[in-house]
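One structure is given here, and the rest of the page talks about it.
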Amino acid sequence: QVQLVESGGGLVQPGGSLSLSCTASGNIFSLKAMSWYRQAPGKPRELVARIARNDLRTYLDSVKGRFTISRDSAKNTVYLQMSNLRPEDTAVYYCHLEDVMRPPSWGQGTQVTVSA
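Residue -8 is where the sequence shown starts when you use the working numbering, and the numbers rise one by one after that.
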């Protein structure tokens, strides 16, 4: 089993910044990628940012230039640095891990609220 533990969510004003982190532990056989998804009330879960094993990064169009995904391979940790936050970024953010040898894993989610 793989466990993902997220931290760093909270309340921030529009234009502010937040940083999320997610640490993976357990039996990781062959890491393919780690990602951040989010889900706002009444909306489907969407991919926000993904970083592959080869460091290839992909982003949701609406967060390009504002969010940055990075990772520390030695610590099995992925980060999401969010800046210039908007009310529409409000959602529960989930960490996601893809392993070539097993089904993907999800974190428990962390709430990000952008409000004045």
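Beta carbons: idealized from backbone N, C-alpha and C, even for Gly.
By the three-class DSSP mapping on this structure, what secondary structure does Val54 have? The residue you call residue 54 lines up with position 63 of the sequence shown. The answer is helix: DSSP assigns Val54 an H, G or I state.
Taking 8 angstroms as the cut-off, does the stretch 62 to 76 touch the stretch 92 to 101 (at least 3 CB pairs, one atom from each stretch)? no
Buried or exposed (CB count within 10 angstroms, at least 16 for buried), Arg48: Here residue 48 refers to the residue found at position 57 when the sequence shown is read from its first residue. The residue in question, Arg48, is exposed, as its Cβ has fewer than 16 Cβ neighbours within 10 Å.
For Gln(-8), collect the residues of the same chain with a Cβ closer than 7 angstroms to its Cβ; drop the 5 residues on either side in sequence, then sort them by chain order. Start at 1 with the first residue of the sequence shown, and residue -8 comes out as number 1. Excluding sequence neighbours, Gln(-8) sits near Gly17, Asn18.
If you follow the beta strand (DSSP E) that Met92 is in, where does it begin and where does it stop? Numbered from 1 along the sequence shown, position 101 holds the residue referred to as residue 92. Met92 -> no beta strand (DSSP E), and no H or E assigned at all.
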